[in-house]
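If you want the working numbering, it's the 1-based position in the sequence shown plus 596.
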Amino acid sequence: MSRMIPSFHGQWPILRLSPSCTITVTPHVPRHTAETEAEITRIWVEACQKTPALFNGCVFSADHVSRTGISGHWTDYRSVLAQMKNPALFMQLRLQPLAVIGLLETPEGYVLGRRHPSSLYQGNFWQSPPAGSIERRGDSTAVHLDEQLLAEAEEELGLIAENVTIGSPHLIARHPGTRILDIGIPMHTPLSFSAVEAHWKNGANQEYDQLALVPHAEIDAWLRRPDLLPTSRALLAAARS
């Protein structure tokens with residue numbers, strides 16, 4: 597029996613961003629009930645039992661989004677995970693976790709990766725790496741999209757800053773249910789796809805179990821696939837036009 601191809605459900609609203617779109621961090625003090633806190637703790641404990649390596653880091657959540665600016669606050673990952681697992685918590689938490697996702701172009705075409713089947717979120721789906729939540733990575737509270745994307749490129753593809761050029765923010769897409777917001781950003785590398793794949797095999801984490809090259813002539817075929825995540829689909833469609 598052939599394995600079913602996964603497909604996503606729900607509409608992913610997409611907003612084109614100004615290339616000069618800015619991100620502003622605002623102060624925030626969580627105010628939710630003891631019942632909500634208990635549910636967050638329950639979900640976190642259960643998740644850590646299944647995945648002991650989980651880390652409760654500091655991630656960014658958007659409060660207001662427009663073409664020219666995004667404002668939001670830092671929060672803990674455990675709250676974000678709880679809302680992902682139990683979307684009804686949005687009424688209390690109001691979290692819209694912000695993430696970056698690149699579309700990496702090589703001389704032969706674009707790079708896609710299939711998310712590992714064991715991933716906590718969207719396993720077996722194809723997307724354009726690198727991608728990941730916006731995390732607080734040092735003492736600064738400011739958000740720099742290029743730094744976030746470079747960190748993800750090194751972790752997920754084994755590529756360093758000298759290997760890639762990062763463009764301006766192109767679009768933002770909202771996941772249904774989880775309300776994650778992806779900021780899509782084009783990227784370029786002079787490396788061949790085979791060189792990118794070698795870096796990935798030798799120096800990356802296990803976020804993806806395989807990479808694929810999408811030549812320009814094959815973009816339309818990929819756009820028709822049900823297992824290509826919508827943010828990457830929108831970035832590929834924009835690259836084609």
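Each residue gets a CB set at the ideal place from its N, CA and C atoms; glycine is no exception.
Limits of the unbroken alpha helix (DSSP H) element including residue i
i, result
"C644", "630-646"
"E701", "Per DSSP, E701 belongs to no alpha helix (DSSP H); it is in the beta strand (DSSP E), 694-702."
"V676", "673-681"
"A749", "741-753"
"R836", "826-836"
"F686", "686-689"
DSSP three-state assignment for residue i, whether helix, strand or coil
i, result
"V625", "coil"
"V760", "coil"
"F604", "Low confidence applies here, because F604 scores a pLDDT of 48, under 50, leaving its location unreliable and the question unanswered by this model."
"L611", "strand"
"H784", "strand"
"H812", "helix"
"S616", "coil"
"L767", "strand"
"A727", "strand"
"L650", "coil"
C-beta contact flag for residue i and residue j at 8 Å
i, j, result
"V676", "I730", "no"
"V661", "L777", "yes"
"L807", "G709", "yes"
"C617", "G668", "no"
"E751", "N798", "no"
"V739", "A749", "no"
Supposed contact pair residue j and residue i - C-beta distance, whole angstroms, cut 8 Å
i, j, result
"I610", "L694", "With 8 Å as the limit, I610 and L694 do not qualify as a contact, their Cβ atoms being about 15 Å apart."
"L753", "W796", "5 Å"
"G705", "L745", "So it is not a contact: roughly 20 Å between Cβ atoms."
"L767", "R612", "5 Å"
Host beta strand (DSSP E) of residue i (start-end)
i, result
"V707", "705-711"
"V792", "It is not in any beta strand (DSSP E) - V792 instead sits in the alpha helix (DSSP H) that spans 789-799."
"F656", "654-661"
"S714", "S714 -> no beta strand (DSSP E), and no H or E assigned at all."
Nearest-angstrom Cα separation, counted from residue j out to residue i
i, j, result
"F604", "Q692", "Residue placement at F604 is poorly supported in this model, since its pLDDT is 48, which falls under 50; the coordinates are not used for a value here."
"D823", "W722", "6 Å"
"L689", "P648", "25 Å"
"S790", "H784", "15 Å"
"R820", "R829", "9 Å"
"E701", "V707", "6 Å"
"V810", "S724", "10 Å"
"D539", "G734", "Outside the displayed range of the chain (597 to 837) lies residue 539, so it cannot be described from this structure."
"T774", "L685", "10 Å"
"V621", "C654", "13 Å"
"S598", "H712", "Since pLDDT at S598 reaches only 31, below the 50 mark, its modelled position is unreliable, and the value read off the structure follows with that caveat. Cα to Cα, the separation comes out at about 18 Å."
"E635", "F651", "18 Å"
"L825", "A658", "21 Å"
"Q607", "I619", "25 Å"
"I639", "L755", "34 Å"
"Q679", "H771", "13 Å"
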